[in-house]
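Please read the structure below before turning to the comments.
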């Protein structure tokens with residue numbers, strides 16, 4: 022056991038745990054941040070994506086020690102009902118999900134994309150989301166939602 | 020507050036039902052509180068499946084709310100001293116001539132709704148409804164984008180423990196050895212539970228449960244004498260098994276046509292996994308009164324019935340409460356994990372236990388959609404017109420849901436020291452849409468036919484309900500066969516179908532899809548267009564699809580143009596969302612999906628070995644909704660799978676001149692089909 026410090030959604034956080042623990046287990050368990058979801062445990066589905074230093078990574082496959090002193094953002098950190106992130110607003114406007122289990126990971130991948138490319142094409146969005154699986158078939162709506170958010174952010 | 024017996028599985032049903040209630044009661048949608056189904060308080064509406072929730076639950080809610088409105092209006096009329104006929108309701112406020120007014124909320128304490136519904140109330144006519152037909156935003160979506168916990172996976176209970184069940188990678192394995200001592204050292208371990216071949220651990224933490232499971236796996240030895248079929252000889256396997264034959268339908272007609280030749284084709288589809296993005300999860304807690312279960316099962320009462328059989332408890336001692344899970348697409352492991360949780364919680368001294376399956380178990384131990392072999396034979400006259408038609412299906416049953424038999428259908432039940440037999444899947448009767456035979460009766464006006472279904476009596480690979488049951492396979496077969504006949508006659512496939520249909524709604528969706536897709540666009544090298552049509556279950560939604568594909572060795576679907584008629588669409592955007600989703604999922608089935616196995620085990624246990632369609636592979640999907648507000652509302656979630664499958668296969672023929680009759684359409688199956696053609 023040792024203490025690992027990082028910034029979670031902008032808040033300084035210290036966790037006493039085995040540094041080899043999966044980041045996802047720590048987020049969902051100790052820190053009660055249930056936005057990132059467990060889907061496969063093998064970095065194959067994207068349901069657990071979080072931003073680490075601006076990059077979308079699979080929290081299930083990320084050891085706790087590797088985020089020491091870094092910025093970790095979960096979907097809860099993107100925005101909330103009072104102050105929604107443009108992506109969250111756009112996903113509601115486009116009704117861009119069915120069951121929604123994959124959507125927190127997809128919002129994170131999309132947020133990472135818009136950070137590095139504020140004016141993506143539809144193909145850019147598809148490539149950026151290609152590591153995220155959706156089983157309900159909401160893909161096209163999600164792509165439209167990401168483009169809508171990008172347009173809204175550009176208009177600001 | 021509206022308490023339906025149907026459950027949200029990502030299809031948006033809760034919103035559609037709330038719209039129906041708001042309409043009948045004349046209140047704003049925001050006032051409707053939808054209650055999650057529970058055996059403690061909800062009506063028993065069976066299982067949420069078969070695209071029937073709007074038809075069944077919607078009709079019940081419409082009727083009940085019409086009566087509630089009437090009860091309140093009667094009370095208002097008494098109090099205000101004006102006739103019922105002159106009262107109006109706007110967002111719950113009841114007013115009448117002379118500015119008299121009251122409201123549902125004022126009257127609530129004087130009106131008792133604790134009574135049985137009576138058949139007398141008359142719901143509004145479609146023209147008077149203001150909510151139905153509107154694309155209102157789904158009530159559950161904000162929570163899901165803001166990560167407010169709605170999923171059972173995100174729920175915690177006070178004092179909750181974590182459980183895991185150890186399952187062998189071998190199919191129907193027997194536990195031959197277990198060194199429990201090696202597991203006892205695991206941090207936080209609360210219990211090791213063993214009953215026959217069922218073995219699991221309970222721990223204070225999820226990490227602890229994972230670690231104990233890992234130790235358990237190391238210390239366990241298994242054997243299995245079960246042999247799985249040869250995955251490359253599926254049709255031969257299916258056709259060789261002992262089976263129960265049923266004649267589904269026959270039509271004999273006198274025709275002046277004379278058969279001069281017969282053609283015969285065989286089609287197959289593989290086992291298909293439900294492959295929910297979330298591994299199944301449940302919580303259970305034993306109390307003095309019995310056991311409380313939290314589940315994402317599609318049928319809380321049905322699950323309760325099976326739990327009662329396994330536990331040998333009266334159903335009154337079991338409460339089963341629904342919480343949302345991820346999309347399930349049919350009978351997956353949701354019910355199985357609930358029994359796992361119940362069995363593990365028994366060792367938890369009254370504390371609740373949460374159990375979640377692994378990805379690998381979800382992909383190998385949950386039931387699959389059944390593999391199918393379908394043979395169509397047609398006698399043709401000299402002009403290649405159909406004289407008679409024979410359609411035969413060989414497949415395991417497509418339903419082994421819990422709560423419907425004398426023996427439980429839950430996985431752990433087959434693993435106990437005193438095991439229950441594995442439920443051999445059956446088929447719902449044709450009157451309920453059928454199972455393996457779903458959509459096998461042609462909607463086309465052929466002079467005569469004979470439809471026969473052979474349900475397998477052995478089940479080496481566990482099967483149960485997957486979206487559309489047998490409809491995807493049967494529509495693929497029928498529509499591929501027709502496409503082949505049309506091509507042979509040199510007749511346009513749209514014209515060919517229209518000529519054989521008399522149902523105008525069927526013709527309308529085909530015409531609408533053809534028009535929207537500019538049928539038939541000029542062909543360019545490497546691209547192709549194909550049509551598929553069906554009316555789901557022959558009684559549900561009408562759907563026609565035109566697929567545009569491109570490629571040679573590797574097929575990609577560029578566009579799906581769809582026309583759909585679901586009768587009255589309560590939430591049009593919800594319907595379109597369901598149809599789009601179904602179309603994309605079907606594209607995934609067609610291009611990628613096949614459960615893999617060797618002779619001992621399922622081998623496609625990860626997303627790497629069971630790939631599904633990714634964002635960059637998803638076609639553009641255009642959906643045209645033909646609105647019929649005066650027709651019965653019909654479910655939308657399963658309408659597109661069969662037509663999309665056939666449309667893609669027919670488009671592949673158009674592009675490459677190759678008929679792929681064995682799904683999925685991959686590089687391998689294309690090459691095999693080419694070899695057969697040459």
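Protein chains in written order, with the working numbering: chain A, 22 to 177; chain B, 20 to 697. All residues carry an ideal CB built from backbone N, CA and C; glycine is no exception.
An exposed status is given to residue 369 of chain B, since fewer than 16 other beta-carbon atoms sit within 10 Å of its beta-carbon. Inclusion of residue 288 of chain B and residue 682 of chain B in the CB contact set at 8 Å is warranted, their separation being smaller than that value. By DSSP's assignment, residue 643 of chain B forms a beta bridge with B:582.
In the same chain as residue 170 of chain A, and ignoring 5 residues on each side of it, the C-beta atoms closer than 6 Å to its own belong to 107, 108, 111, in chain order. Around the beta carbon of residue 317 of chain B, 16 or more other beta carbons lie within 10 angstroms, which makes this residue buried. Residue 397 of chain B is not a Cβ neighbour of residue 269 of chain B, given a cutoff of 8 Å. For residue 60 of chain B, the closest of B:486, B:45, B:133, B:693 by C-alpha to C-alpha distance is B:133. Its Cα nearest to that of residue 523 of chain B, the residue B:647 stands out among B:568, B:298, B:647. By the Cβ criterion, the segment 28–37 of chain B is not in contact with the segment 123–132 of chain A, since fewer than three pairs of Cβ atoms, one from each stretch, lie closer than 8 Å. Only 55, 56, 58, 59, 60, 61, 62, 63, 65, 66, 68 from the segment 55–87 of chain A bring a Cβ to less than 8 Å from some Cβ of chain B. In the three-state DSSP reduction, residue 300 of chain B falls in the strand class (E or B). A direct Cα-Cα distance of roughly 10 Å separates residue 21 of chain B from residue 83 of chain B.
The beta carbon of residue 162 of chain A sits closer than 8 Å to the beta carbons of 115, 116, 117, 118 from its chain, once the five residues preceding and following it are set aside; these are given in chain order.
Taken in chain order, the members of the segment 147–175 of chain B whose beta-carbon sits within less than 9 Å of a beta-carbon on chain A are 154, 156, 157, 159, 160, 161, 162, 163, 164, 165, 166, 167, 168, 169, 170, 172, 173, 174, 175. Burial check for residue 608 of chain B: the Cβ neighbour count within 10 Å reaches 16 or more, so the residue is buried.
For residue 413 of chain B, the enclosing beta strand (DSSP E) covers residues 405–414. For residue 88 of chain B, the enclosing alpha helix (DSSP H) stretches over residues 78–99. Taking one beta carbon from each stretch, the segment 234–241 of chain B and the segment 359–366 of chain B have fewer than 3 pairs nearer than 8 Å; the two do not touch. According to the DSSP assignment, residue 549 of chain B belongs to the beta strand (DSSP E) that extends over 546–554.
Remark: C-beta atoms of residue 597 of chain B and residue 30 of chain B approach each other more closely than 8 Å.
By the CB criterion at 8 Å, residue 342 of chain B and residue 55 of chain B fall inside the cutoff.
Membership of residue 217 of chain B in the beta strand (DSSP E) is indicated by the continuous run 217–222. Minimum Cα-Cα distance from residue 53 of chain A among the listed residues A:60, A:30, A:39 corresponds to A:30. Taking every protein chain shown into account, the CB of residue 660 of chain B has 16 or more other CB atoms within 10 angstroms, so this residue is buried.
Here residue 468 of chain B carries a strand assignment [DSSP, helix/strand/coil]. The continuous beta strand (DSSP E) containing residue 185 of chain B extends over residues 180–185.
Judged by beta-carbon spacing, residue 605 of chain B lies beyond the 8 Å limit of residue 528 of chain B, meaning their Cβ atoms are not closer than that value. A Cβ of chain B is located within less than 8 Å of the beta carbon of residue 148 of chain A. Taking all protein chains in view, the Cβ of residue 196 of chain B is surrounded by fewer than 16 other Cβ atoms within 10 Å, so the residue is classified as exposed.
Following the DSSP letters along the chain, one finds residue 38 of chain A inside the beta strand (DSSP E) bounded by residues 32–38.
Residues of the segment 297–322 of chain B with a Cβ closer than 8 Å to any Cβ of chain A, in chain order: 297, 298. For residue 561 of chain B, no alpha helix (DSSP H) segment is defined; the enclosing uninterrupted segment is the beta strand (DSSP E) at 561–569.
In terms of Cα proximity to residue 141 of chain B, the closest of B:213, B:202, B:43 is B:43.
Taking 8 Å as the cut-off between beta carbons, the residues of the segment 88–103 of chain A near chain B are 95, 96, 97, 100, 101, 102, in sequence order. In the three-state scheme derived from DSSP, where H, G and I count as helix and E and B as strand, residue 126 of chain B is classed as helix. Fully contained in the segment 605–668 of chain B are the following beta strand (DSSP E) runs of length 3 or more, in chain order: 639–644.
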